[in-house]
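Number of protein chains: 2
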Amino acid sequence: MRKDYLFTPGPTPIPPAVAAALARPIIHHRTPGYRALFSQVTSDLKTVFQTKHPLFTFTASGTGAMESAVVNLLSPDDGAIVVNSGKFGERWLKLCQRYGVQVVECSVPYGQTVDPETIREALHGNRSTPKHTTPKRITAVFTTLCETSTGVVHDIRAIGELVHASDAVLVVDAISGLGADELKTDAWHCDVVIAGSQKGLMLPPGLAFVSVSPKAWKVTEHVRTPRYYFDWHAYQRALAEEDTPFTPAIGLVVALAEALRLLQAEGWAHVLERHARLAKATREAVTALGLQLFAERPSNAVTAICVPTGVEGKKIVSRLRDVYGVTIAGGQGELDGKIIRLAHLGYMERFDALVAIAALEMVLGELGFPIARGKGVAEAERHLIEGHA
Amino acid sequence: MRKDYLFTPGPTPIPPAVAAALARPIIHHRTPGYRALFSQVTSDLKTVFQTKHPLFTFTASGTGAMESAVVNLLSPDDGAIVVNSGKFGERWLKLCQRYGVQVVECSVPYGQTVDPETIREALHGNRSTPKHTTPKRITAVFTTLCETSTGVVHDIRAIGELVHASDAVLVVDAISGLGADELKTDAWHCDVVIAGSQKGLMLPPGLAFVSVSPKAWKVTEHVRTPRYYFDWHAYQRALAEEDTPFTPAIGLVVALAEALRLLQAEGWAHVLERHARLAKATREAVTALGLQLFAERPSNAVTAICVPTGVEGKKIVSRLRDVYGVTIAGGQGELDGKIIRLAHLGYMERFDALVAIAALEMVLGELGFPIARGKGVAEAERHLIEGHA
Numbered sequence: 004m005r006k007d008y009l010f011t012p013g014p015t016p017i018p019p020a021v022a023a024a025l026a027r028p029i030i031h032h033r034t035p036g037y038r039a040l041f042s043q044v045t046s047d048l049k050t051v052f053q054t055k056h057p058l059f060t061f062t063a064s065g066t067g068a069m070e071s072a073v074v075n076l077l078s079p080d081d082g083a084i085v086v087n088s089g090k091f092g093e094r095w096l097k098l099c100q101r102y103g104v105q106v107v108e109c110s111v112p113y114g115q116t117v118d119p120e121t122i123r124e125a126l127h128g129n130r131s132t133p134k135h136t137t138p139k140r141i142t143a144v145f146t147t148l149c150e151t152s153t154g155v156v157h158d159i160r161a162i163g164e165l166v167h168a169s170d171a172v173l174v175v176d177a178i179s180g181l182g183a184d185e186l187k188t189d190a191w192h193c194d195v196v197i198a199g200s201q202k203g204l205m206l207p208p209g210l211a212f213v214s215v216s217p218k219a220w221k222v223t224e225h226v227r228t229p230r231y232y233f234d235w236h237a238y239q240r241a242l243a244e245e246d247t248p249f250t251p252a253i254g255l256v257v258a259l260a261e262a263l264r265l266l267q268a269e270g271w272a273h274v275l276e277r278h279a280r281l282a283k284a285t286r287e288a289v290t291a292l293g294l295q296l297f298a299e300r301p302s303n304a305v306t307a308i309c310v311p312t313g314v315e316g317k318k319i320v321s322r323l324r325d326v327y328g329v330t331i332a333g334g335q336g337e338l339d340g341k342i343i344r345l346a347h348l349g350y351m352e353r354f355d356a357l358v359a360i361a362a363l364e365m366v367l368g369e370l371g372f373p374i375a376r377g378k379g380v381a382e383a384e385r386h387l388i389e390g391h392a
Numbered sequence: 004m005r006k007d008y009l010f011t012p013g014p015t016p017i018p019p020a021v022a023a024a025l026a027r028p029i030i031h032h033r034t035p036g037y038r039a040l041f042s043q044v045t046s047d048l049k050t051v052f053q054t055k056h057p058l059f060t061f062t063a064s065g066t067g068a069m070e071s072a073v074v075n076l077l078s079p080d081d082g083a084i085v086v087n088s089g090k091f092g093e094r095w096l097k098l099c100q101r102y103g104v105q106v107v108e109c110s111v112p113y114g115q116t117v118d119p120e121t122i123r124e125a126l127h128g129n130r131s132t133p134k135h136t137t138p139k140r141i142t143a144v145f146t147t148l149c150e151t152s153t154g155v156v157h158d159i160r161a162i163g164e165l166v167h168a169s170d171a172v173l174v175v176d177a178i179s180g181l182g183a184d185e186l187k188t189d190a191w192h193c194d195v196v197i198a199g200s201q202k203g204l205m206l207p208p209g210l211a212f213v214s215v216s217p218k219a220w221k222v223t224e225h226v227r228t229p230r231y232y233f234d235w236h237a238y239q240r241a242l243a244e245e246d247t248p249f250t251p252a253i254g255l256v257v258a259l260a261e262a263l264r265l266l267q268a269e270g271w272a273h274v275l276e277r278h279a280r281l282a283k284a285t286r287e288a289v290t291a292l293g294l295q296l297f298a299e300r301p302s303n304a305v306t307a308i309c310v311p312t313g314v315e316g317k318k319i320v321s322r323l324r325d326v327y328g329v330t331i332a333g334g335q336g337e338l339d340g341k342i343i344r345l346a347h348l349g350y351m352e353r354f355d356a357l358v359a360i361a362a363l364e365m366v367l368g369e370l371g372f373p374i375a376r377g378k379g380v381a382e383a384e385r386h387l388i389e390g391h392a
């Protein structure tokens, strides 16, 4: 008998009620029943995003929604600032380059957070990257909320203030952060916010979302980059009929209605508090074990931990998975083998966090790290006892 | 107590084993277990497509995979022939136009099939459409297998012969046809074939597939249209690691493995025969009732029926749905109210076809059409009795 545990920053575990919704008989999407359900889902998602502006649902991975932001906001040779602090910052960079956008890169070493001041400089044209000339005008600033590959959360509020004061629009990849790290889309002047289904929303992957402010909408009206499947204007027209322009992943939308019901029953503020608490307990536990945190400004979605000297990072991941049935994430790209990542994202509560820490204690000990067994769990328990703030 | 019946040409009903697979705990995609499963699915899909060439899986609606063909095969100002016989032919047209492709349209009135001879003329430059100049060279020919909006199936075998003898590549939208209408991808020289999950493959919508011949691959190497999420080269590189470049709709891929298992257990030849038989029974029943078929060359995926004079077409659809729990499709665009469409696609057997015909008899009678109740069912029974060829 083996039970599997999933502690990756996407996909995240599916609650039983959502799994049951996925198994329901499929319904047709051009029907009054589906339209009403889709309208409700869109409205509930706006509450989650904390926005009053249009929100579109794509059948795609998060990257599809990211591409939609590039092709709807930028023509070739337009200027953009990209905050690059890891693999998903790099994705913005690649997307912009692929579409001929002139990029000013604000990059920081992996594990660090971006200093908003560097974005201010870039907006004022006082910053150019070696390989690029400074574009005449910055149309958009691309950043991540939580950079999933390093576990860093950026100060979106501060960045929002800066960009708001300029002509540029702010685009936030909140795919892994939404639901774990606070994000007030409208209040923080985030013009475009992107999310995915397989993270804080507790669904399988397959849906991606994007909210668009009036400032961003205005920008789209003059963009010459051709687009079809990801054309925001087609989705906006379809919204008028409570619909999407192309056949949606109906089963996932039906299950999303169920997931949103669960999140609303808990209350959005409580959802964020729960993630903050699980993340804090995990960080304190890991530190008590003598391990080092990797992120300078850690996200509440995922905790990145430096692999201690003398231990093979990839072995931690494979042994946890193959022997114990516990799936965590390793490092990506140049961080492969150097960090491990424990998510506490989505359908997660205190005992999930404890299982992750216990499993880590067991395997680190086996791999020769001088572990004080139970010390991490004990520290986490202190933070997870009912009533502890 | 109400049971719902779904007779639309996508989505189609989900078999219980596939529904159960959708409800399984989610697994991570960058694991040996998922990679092995995805490899098996890709290999089984190639058997279904009857191709030995690479096959890519997108998390998207079918339209996303259609767009992928346009952006991977054509640069702006390249020439293409589009077979336009309904809504999905029009989609090829719109996609090509959006990307600045010079289109020669081979259009036929709704309900008719394209004469392959017109494609031969267009390939030889002897055909131009009023609004367009004839492009210098035709790079690709776009067509549908089954034009879902009219129920017509095109003679892909004949078209394949013609295109094979030219420098152009043939792109076939087989989204609704695959599994119901015969399609031999390699033997019929179909360079690119597109399918979706929510039709003959008996899954919810959310996955789309594309197979690519060496001839088509060669074309992609010089294409300048920018692309990222739908870039075939990224999917080809990922296939080497039994993977996709972006997070896939994991739950749908897991369920697809189950659906393919069911189809293989039945045998692909039997799957096609079953659809042929259900379609024939439906056509004969409908004709026996005094109704007219709309498609000149009818597909085995969906039967389009002309709404008889004096009956309100939209009322047939809404009354079946709202009173009887039976969802069928009406006409789209200019066919709205003029035809109704009964699908016999995917997880469908004889009694499903009989339910659809009985429901139609009941509602047509209620709406004032002089129906001989039971006559359609009787005719269908004759074709569906065990042993009847």
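Chains as they are written, first to last, in my numbering: chain R, 4 to 392; chain B, 4 to 392. The beta carbon of each residue, even a glycine, is placed where N, CA and C say it ideally should be. Remember, it's a predicted structure, so these values are computed and weren't measured experimentally.
Legend entry - R:A307 CB to nearest heavy atom of the ligand NAP below 7 Å: What this structure holds is no ligand at all, so the ligand NAP is not there to describe.
Legend entry - Beta carbon of R:I30 nearer than 8 Å to that of R:G36: yes
Legend entry - Option in R:A258, R:F212, R:C149 and R:V166 with minimal Cα separation from R:A183: R:C149
Legend entry - Supposed close pair R:P217, B:P251 - CB separation, criterion 8 Å: That belief does not hold up - the Cβ atoms of R:P217 and B:P251 are roughly 34 Å apart, past 8 Å.
Legend entry - Spatially closest choice to B:A219 from B:Q201, B:I178 and B:V174, by CA coordinates: B:V174
Inset, instruction - Ignore the nearest five residues each way along the sequence and tell me which others in R:H386's own chain have a CB closer than 7 Å to its CB. - result: R280, K283, A284 and E287
Legend entry - Residues from the stretch 202-216 of chain R in contact with chain B, defined by Cβ distance under 8 Å: P207, P208 and G209
Legend entry - Residue span of the alpha helix (DSSP H) that contains B:F91, given as start and end: K90 to R101
Legend entry - Burial state of B:M351 (16 or more Cβ within 10 Å): buried
Legend entry - Contacts that R:I374 makes with chain B (C-beta to C-beta distance below 7 Å): Ordered by position in chain B, no residue passes the 7 Å Cβ test against R:I374, which lies about 25 Å from the chain.
Legend entry - Closer than 8 Å to chain R by CB, B:A63: yes
Legend entry - Minimum Cβ-Cβ distance from B:A252 to chain R less than 8 Å: yes
Inset, instruction - Give a yes or no on whether the C-beta atoms belonging to B:R322 and B:I331 are separated by under 8 Å. - result: no
Inset, instruction - Can you give me, in chain order, the residues of the stretch 10-23 of chain R that have a beta carbon less than 8 Å from any beta carbon in chain B? - result: T11, G13, P14, T15, P16, I17, A22 and A23
Inset, instruction - For B:G409, I'd like the list of residues in its chain whose CB is within less than 7 Å of its CB, leaving aside the five on either flank, ordered along the chain. - result: No information on residue 409 of chain B is available, as it lies outside the stretch 4 to 392 that chain B covers here.
Inset, instruction - Would you mind sorting R:F145 into buried or exposed? The rule is 16 or more other CB atoms within 10 Å of its CB. - result: buried
Inset, instruction - Apply the 10 Å Cβ neighbour rule to B:P373 and answer buried if 16 or more other Cβ atoms are within range, or exposed otherwise. - result: exposed
Inset, instruction - Answer with yes or no whether the minimum CB distance from R:Y232 to chain B is below 8 Å. - result: yes
Legend entry - For R:Q295 and R:P311, the rounded distance between their alpha carbons: 8 Å
Inset, instruction - Hey, could you find the ends of the beta strand (DSSP E) B:T306 is sitting in? - result: V305 to C309
Legend entry - For R:S64, the nearest candidate out of R:H347, R:L263 and R:I197 (CA to CA): R:I197
Legend entry - Host alpha helix (DSSP H) of B:R160 (start-end): I159 to H167
Inset, instruction - Please list the partners that B:A26 has in chain R, where partner means a Cβ-to-Cβ separation under 8 Å. - result: A22, A23, L25 and A26
Inset, instruction - Under 9 Å between beta-carbons, which chain B residues line up against R:R101? List them in chain order, please. - result: P229, R230, Y231 and D234
Legend entry - C-beta neighbour in chain B for R:D7, strict 8 Å: yes
Legend entry - Sub-8 Å separation of R:V398 and R:F233 beta-carbons: This structure gives no information on residue 398 of chain R, because the portion of chain R shown stretches from 4 to 392.
Legend entry - Extent of the continuous alpha helix (DSSP H) run through B:F354: R353 to E369
Inset, instruction - Taking only beta-carbon positions, decide if R:I29 is within less than 8 Å of chain B. - result: yes
Inset, instruction - Could you check which residue in B:R277, B:L77 and B:E185 has the C-alpha nearest to that of B:I141? - result: B:L77
Inset, instruction - State the DSSP-derived secondary structure class of R:I255, mapped to helix, strand or coil. - result: Per the sequence shown, residue 255 of chain R should be read as Leu rather than Ile. In the structure shown, R:L255 sits in a helix (DSSP, three-state: H, G or I).
Legend entry - Span separating the alpha-carbon of R:G379 from that of R:V107: 42 Å
Legend entry - Segment contact flag, the stretch 82-99 of chain B with the stretch 150-161 of chain B, C-beta cutoff 8 Å, min 3 pairs: yes
Legend entry - Segment limits, alpha helix (DSSP H) that includes B:I331: No alpha helix (DSSP H) holds B:I331; DSSP gives it neither H nor E.
Inset, instruction - Give the residues of chain B in contact with R:G328, contact being defined as C-beta atoms less than 7 Å apart. - result: Per Cβ cutoff of 7 Å: no residues; R:G328 is ~11 Å from chain B at best.
Legend entry - DSSP state of R:T285 mapped onto helix, strand, coil: helix
Inset, instruction - Say whether the stretch 54-69 of chain B touches the stretch 57-71 of chain R, bearing in mind that this needs 3 or more beta-carbon pairs closer than 8 Å, one atom from each stretch. - result: yes
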